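Visitor:
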Amino acid sequence: MKITHVEIFDIECPQRPVWNPVFVRIHTDEGATGVGEAGLAYDLGHSAAAHMIQEIAENMLIGFDPFQTENLWNRMLRESFWGLGGGPVIYAAMSAIDTALWDIKGKVLGVPVYQLLGGKVNDQLRAYASQLQFDWDIEFSRLTNPDDYGKAAEKAMAEGYDCVKVDPIMYDAQGETHFQRTKLFSNTDMRLFRERMRAIREAIGPDNDIIFECHSLPGVSTAVQLGEIAEEFRCFYFEEPVNYLNSELHKKVADKVKVPIAAGERLYNRHGVRPYLQDQSVDVLQPDIGLCGGFTEAKKVCDYADMYDVQIQAHVCGGPVATMAALHLETAIPNFLIHEHHTYAIKPWNRELCLQDPQPNNGMIQAPDTPGLGIELNDEIVMRSPRVVVNSLK
Ligand code: MG
43 MKITHVEIFD IECPQRPVWN PVFVRIHTDE GATGVGEAGL AYDLGHSAAA
93 HMIQEIAENM LIGFDPFQTE NLWNRMLRES FWGLGGGPVI YAAMSAIDTA
143 LWDIKGKVLG VPVYQLLGGK VNDQLRAYAS QLQFDWDIEF SRLTNPDDYG
193 KAAEKAMAEG YDCVKVDPIM YDAQGETHFQ RTKLFSNTDM RLFRERMRAI
243 REAIGPDNDI IFECHSLPGV STAVQLGEIA EEFRCFYFEE PVNYLNSELH
293 KKVADKVKVP IAAGERLYNR HGVRPYLQDQ SVDVLQPDIG LCGGFTEAKK
343 VCDYADMYDV QIQAHVCGGP VATMAALHLE TAIPNFLIHE HHTYAIKPWN
393 RELCLQDPQP NNGMIQAPDT PGLGIELNDE IVMRSPRVVV NSLK
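In my numbering, the protein residues as written are 43 to 436.
#1: Is His381 near the ligand MG, in the sense that its beta carbon is under 7 Å from a heavy atom of that ligand?
#2: Under a Cβ-count criterion, where at least 16 other Cβ atoms within 10 Å of its own Cβ denotes burial, should Asn178 be classed as buried or exposed?
#3: Examine the Cβ distances between the region 44 to 51 and the region 425 to 434 and report whether three or more of them are shorter than 8 Å.
#4: Output needed for Asp204: all residues of its chain with C-beta closer than 7 Å, excluding positions within five of it in sequence on either side, in chain order.
#5: From the DSSP output, which residues share a beta bridge with Phe65?
#6: Count the C-beta pairs between the region 80 to 89 and the region 123 to 140 that are closer than 8 Å, then say yes if the count reaches three, no if not.
#7: If you follow the beta strand (DSSP E) that Arg168 is part of, which residue opens it and which one closes it?
#8: My understanding is that Ile104 touches Ile180, with C-beta atoms under 8 Å, so please give their C-beta distance in whole angstroms.
#9: Among the residues of its own chain, which have a CB less than 7 Å from the CB of Thr230, if the five just before and after it don't count?
#10: Tell me whether His220 sits in a helix, a strand or coil according to DSSP, three-state version.
#11: Taking only heavy atoms of the ligand MG into account, decide whether any of them is closer than 7 Å to the Cβ of Glu270.
#12: Assuming Ala171 and Ala198 form a contact by the criterion Cβ under 8 Å, report the distance between their Cβ atoms to the nearest whole angstrom.
#13: Tyr286 by DSSP, collapsed to three states: which one?
#14: Report the residue ranges of all beta strand (DSSP E) runs contained in full by the region 218 to 284; include only those spanning at least 3 residues, in chain order.
#15: For a test of the three-state rule: what should DSSP assign to Leu397, helix, strand or coil?
#16: Does DSSP put Lys436 in a helix, a strand or coil?
#17: Comparing alpha-carbon positions, which option in Lys293, Tyr279 and Arg316 lies nearest Ala304?
#18: To the nearest angstrom, report how far apart Ser228 and Arg236 are at their CA atoms.
#19: What residue range does the alpha helix (DSSP H) around Val155 cover?
#20: Classify Leu82 as buried or exposed, calling it buried when 16 or more other Cβ atoms lie within 10 Å of its own Cβ.
So this is what it looks like as structure tokens:
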């Protein structure tokens, strides 16, 4: 079997201009096709990832045997030159391509991808409602008032979730977005964050879980300040308290804050996670299959984490292909903790991108038993967006 042509979609959603999932669909001479997604659907980088997929396709994919996932992964790593230096663009492209090849493999062999990863360890996956500061609804909002945080949590609870995630520090009292929270917080700042968290705790009761998200906005000192709130409201974990540019920062936070630390959505492959596992500064690792290297690498990252008793919550903030990929991985790993269901995953403009629509039911979600990933692009929708087709090597 050989790869004949590769389609790359840089999706545009008119209702949400800053949302750009990047899909790849790989075709073979035997008719089987596979889809994958790059993990750069939000903020900057999607068009770079789409172009990187195109360059890899033009240099390595056409005529290649799609079953040779390990071989291709290492070729992409080394023959791209930049793969050996890391970074989101090259790894997002490698991840999307690798995911699509596993989809092809599953379809041709007649088994779901989770079977190829080792079979079913987890059947029903516990899911949480992610990013309540944007509300939990089909419309996107920026919440500022603590009462609204409580109401968003109530909506998630009404759908059957028993765990929610919130970033209470992204917006200030006026609704301004902060991309940096490294300057020491005043008592007024801390009171606002605490009131938002209290509203959620009161809405969900003492037994349900809250994940405290920081998006790497704080510095070490402000992360430790926020850690007091995470402890006070008995948060399930404290996510991305600091940035990844210096791994020693996580270690300092982990030593001072008595809540499990989560991180990993901006780390690539085994080498990227190594310092955090070795110094045991991360309790919950959050690899994104669309960024850390696709299934080929994500499975290895999860097994490596298991050596350190580190739990896995795959990071998912993308189109339905990304969600489906996460479900297959999470089904097959013993150290799975919980599945992230992002507020973008419930938006109509995202759900319509594929023919299947993976959504939790009563707070639980399952990988499908159909061959491959079990998801197909909705051509009626995706063909409206820019598409590039590669059908020959350069
Ligand atoms: Mg996050």
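From the three backbone atoms N, C-alpha and C, an ideal C-beta is built for every residue, glycine too. Fair warning: this is a prediction, and the values are worked out from it, not measured in the lab.
Guide: So, to answer that:
#1: no
#2: The sequence shown places Trp at residue 178, rather than the Asn named in the question. Answer is buried; the Cβ neighbour count reaches 16.
#3: yes
#4: Asn250, Asp251 and Gly405
#5: Phe51 and Glu79
#6: yes
#7: Leu167 to Ser172
#8: So it is not a contact: roughly 41 Å between Cβ atoms.
#9: none
#10: coil
#11: no
#12: 4 Å
#13: coil
#14: 251 to 255 and 279 to 281
#15: coil
#16: coil
#17: Tyr279
#18: 12 Å
#19: Val155 to Leu158
#20: buried
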